[in-house]
Structures are given as C-alpha cells and as structure tokens.
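Worksheet: the structure to be examined is printed underneath.
There are 2 protein chains.
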Amino acid sequence: MVKKDKSRRTEILEKAAILFHQKGYAATSIRDIAREMKMESASLYNHIQSKQEILQAILLPIAHRYTQGIKDISSSPLTSIQQLERIIADQVQITIQNTDAVSLVPNEWVHLENNKEHDALQEFLDLRNFYEKEFKHIFQKCIKDGYLKNVNIDIAVFSILSTLRWLYSWYSKNKNVNPLVLETELINNLIGGIRRWTADGERRTTDGGRRTADD
Amino acid sequence: MVKKDKSRRTEILEKAAILFHQKGYAATSIRDIAREMKMESASLYNHIQSKQEILQAILLPIAHRYTQGIKDISSSPLTSIQQLERIIADQVQITIQNTDAVSLVPNEWVHLENNKEHDALQEFLDLRNFYEKEFKHIFQKCIKDGYLKNVNIDIAVFSILSTLRWLYSWYSKNKNVNPLVLETELINNLIGGIRRWTADGERRTTDGGRRTADD
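Chains A and B, in that order, give the protein sequences.
First residue of the first sequence? That's 70 in the numbering used here, and the numbers climb one at a time after it.
First residue of the second sequence? That's 70 in the numbering used here, and the numbers climb one at a time after it.
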C-alpha cells in the first residue's frame, strides 16, 4: 500500500512538471493536475498538500542533484579541465533525464516560498549559489593549471552557464539528438575557444596526450 | 507642443520598460507606471491608450532593430566570418543601449496580442524567425567558406544565441564592464572554439592575415 502510494505521488510530480513546463506554475491549477491524473482534486490531496509542496518536491531534488554532481566531480582525482568537461556533460545528462523539471529552474524558482516548516526558497538559492561558486572555482583552476587562456572569468562562466541553462528548451524540440553528440559538441563549443594552445599549434588534451590542431 | 508630447511618451516607455524588467509585464499596472512618472493614471492616458500599446511600442522597435542590424550586416561586403563577429558585436551593442527593453525579449513577448488594428504578436514572431533563419544562414556560410569547423549547426547556433539572449541579465549586474572587452571576450568564447585552424596550427583570421595559435 505504501509502495503504491509512493509511485502515485511520483506520477503526480511528473505530470505536474509537464504542466508547469507548458503553462507555467502560476497558470497551472491543482484541478489541471488532477485532470491530467484522471482524478478528482479531492483525491489528489490524499497524496500532496498543495501546489507549493509539488513545486518544492520537483525543484529541490533537481537543485540537490546539480550540487551533488559538481561536488562529486570536484572532489574526484580528475584534472581541472577534465572536471570542467565532466560538469558540462553532467548538466547535459540531467537535462536529458529530467527535461520538464529542469525547465522550471531558470524562472519558476521565484514561486518557491519560505515558511515555518521549510525555507524552500532559501534552500534553493543556497544550492544555486554553491553551484555557481564551485563552477567558477574549477574554471579558475583550469586557468591556473594552464588548460585555459587567461580570459575574463565572469564573462566566460556567464556564457557557458547561459547555454546550459537554456539547453532544456532546445532539447525539448530536438529529442532525437544523440546525447553523446550533444555532449561532445557542447563541450567543444563552450570551452574549445578558450583552450590554451601550445606554441607549435597543438592543444593540451585532457589525457595529457597531444592532438593536432584541426581535429 | 508636439515635440514635448513626444518626449513625454518616450519617457513613459522608458519607465515602463524598467518596471516590466523588474516586476514583469503581468504584475505591472498602469498605476505603477503613472506613479513612476509622478502623474495621475488619467493623465497617462493622454499619451498612451493601454498597457498593451506600451508593450508593443517597446518590443517591436527592438525586434526591428535586431532584424535591421542583421540585414545590413549580411548585405555588406564583409566576409562571412566578419559578418558573424559583427552580428555578435551588434547584439552586445543593442543590449548595452537598451538593457531594459531587451530584457523583455526572451519571455514577455508572450503577452503581445493580435488585434484588428495590428497583429503585434505575429509581427514579433515573424521578425524573430527571420533573425534566426538569417543567423543560421550566415553561420552555414562560415562553414562553407572554411572559416568554421563542420559542427552541428543547430547546437552551435542554439548555444551562441542562448548566451546573447541572456546577456542583458549578466550586463544588468555588471554595468561597469568595458563594452569592447565584453564584445571581444564574447566573440572569442562563442566562436573561438569552432574556428578552423590550419594544419600548422595557425588560425585563419578575418583580415586574411595569420595569427599564431596562442594569442
């Protein structure tokens, strides 16, 4: 019985994420979600307390997933440039696996609320700040380690994170893309231009090997 | 008298753009705009007919400005890669000069309406489609002309336009940046990674000269 309830709740969260993605959180009602579940609104309240609870149950796990990903990567023995590549790949993975939930991250977090039981808005902002700080830190290490050119970190990080942030929107319309093609193209687009090249025109590769310039 | 009226209208549009940027179009009332202008709402209606008219008067000129920019650049004698760089520079310029109006482009266009007098929503979407098509066309030419690697055009164009689209948000918090630094760094971040390099590790430069790999 508990198990059945749990999967029902998961299904509600998934359907709600789709509706929030399509119509926005503000314009979606509990009744819309119930209709999508083929349930009465009253029955829906057996599984969830409020629309706010649904938003929190979608957004906070995603925010924790990003943060856990970057924590695992940054504390791994990978080199700094491998870490940066891996973080981009991780964002692609998260976006492909949770497109609807990820679509809520750029804008809909403003609807999160702090209340006595749970400061959901604060928790989300703390996770986001942690992520951006950690991302900049790894980016800085890549420059220090000689993998990246000495570019303006603020501008470069903004540029990379903008693309990753809106990837869900592109992916929603291009779901037939090969995830590995997407990952590889994005890593090249996003950091290929600021990679440091050695004097003879070859590029430092992540495995310490050498690659010719035009590959 | 006409001149005074005209500048008053311009002032209303500027103040409205700031409020729409800060609070969103939906959450901003005519009363909010009047308060910002230190006017009565009734007096405001001497200059504009509705909130919808204000939104149209902000968004459509900006959309036309983007389109005119890309038209001028693509019909110029510049090489394809010079055109691509110039278009990025043009977006930076537009964003710096009209940050509040530009901030409405990614999301607030959904509030544009079609009506008997003017199909504003359709006009906006047509301009946006034209821009994206033209951008892809120039990008394609850069590959054909050998300036860019044979990358996935859809992914690369999505990535570049994402950064440019959200530049207003970064710029709003970093207004003291040197516009030329911003322009140069972004051109390098966005297309440096997909530039084609010659076999000896030198890069085709836009002026036909040669540049060493590490500059």
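Every residue gets a Cβ at the ideal spot worked out from N, C-alpha and C, and that includes glycine.
Remember, it's a predicted structure, so these values are computed and weren't measured experimentally.
Give a yes or no on whether the minimum CB-CB distance between A/Arg264 and chain B is below 9 Å.
yes
Using beta-carbon positions only, say whether A/Asn176 and B/Asn219 come within less than 9 Å of one another.
No.
Partners in chain B for A/Trp235, counting only beta-carbon separations shorter than 7 Å:
Within 7 Å Cβ-Cβ: Ser231.
The segment 244-253 of chain A contacting the segment 245-252 of chain B, beta-carbon criterion three pairs below 8 Å:
no
Nearest candidate by alpha-carbon position, reference B/Val174, set B/Ile131, B/Ile224, B/Leu153 and B/Ser143
Scanning B/Ile131, B/Ile224, B/Leu153 and B/Ser143 for the CA closest to the CA of B/Val174 turns up B/Ile131.
Taking 9 Å as the CB-CB limit, is A/Leu190 close to chain B?
no
Just by C-beta distance, which residues in the segment 242-259 of chain A are closer than 8 Å to chain B?
Asn243, Val246, Val250, Leu251, Glu254, Leu255, Asn257, Asn258 and Leu259
Relative to the C-alpha of B/Gly93, which candidate in A/Gln209, A/Asn183, A/Val179 and A/Ser172 has its C-alpha closest?
A/Val179
Under 8 Å: do the segment 182-198 of chain A and the segment 209-229 of chain B share three or more Cβ pairs, one atom per stretch?
no
Between B/Asn215 and chain A, is any beta-carbon pair separated by less than 9 Å?
Note that residue 215 of chain B is Gly in the sequence shown, not Asn. B/Gly215 does not count as touching chain A.
Chain B residues whose Cβ lies nearer than 8 Å to that of A/Ala225
Glu254 and Asn258
Own chain partners of A/Val226 with C-beta closer than 7 Å, once the 5 adjacent residues on each side are dropped:
Phe204, Lys205 and Phe208
Under 9 Å between C-beta atoms of B/Ile260 and B/Asp169:
In this structure, B/Asp169 does not lie closer than 9 Å to B/Ile260 by Cβ.
Which residues in chain B have a C-beta closer than 7 Å to the C-beta of A/Trp239? List them in chain order.
Phe227
What does DSSP give as the partner residues of A/Asn183 in its beta bridges?
A/Asp188
For B/Arg265, which three-state DSSP category applies?
DSSP places B/Arg265 in coil when its eight states are reduced to three.
Which of the three DSSP states, helix, strand or coil, is assigned to B/Leu217?
strand
Interface residues of chain A facing B/Val220 [CB-CB closer than 8 Å]
Contact note: B/Val220 reaches chain A through Glu254, Asn257 and Asn258, using a C-beta cutoff of 8 Å and chain order.
Is there a Cβ from chain B that is less than 9 Å from the Cβ of A/Ser176?
Here residue 176 of chain A turns out to be Asn, not Ser, going by the sequence shown. So, interface residue.
Mind listing the chain B neighbours of A/Gly138? Cutoff is C-beta to C-beta under 9 Å, in chain order.
Going along chain B, no residue has its Cβ under 9 Å from A/Gly138, so there is no contact; the nearest lies around 20 Å.
According to DSSP, is A/Ala95 helix, strand or coil?
coil
Along the chain, which unbroken stretches of the alpha helix (DSSP H) at least 4 residues long are found entirely within the segment 109-167 of chain B?
110-113, 120-143 and 149-166
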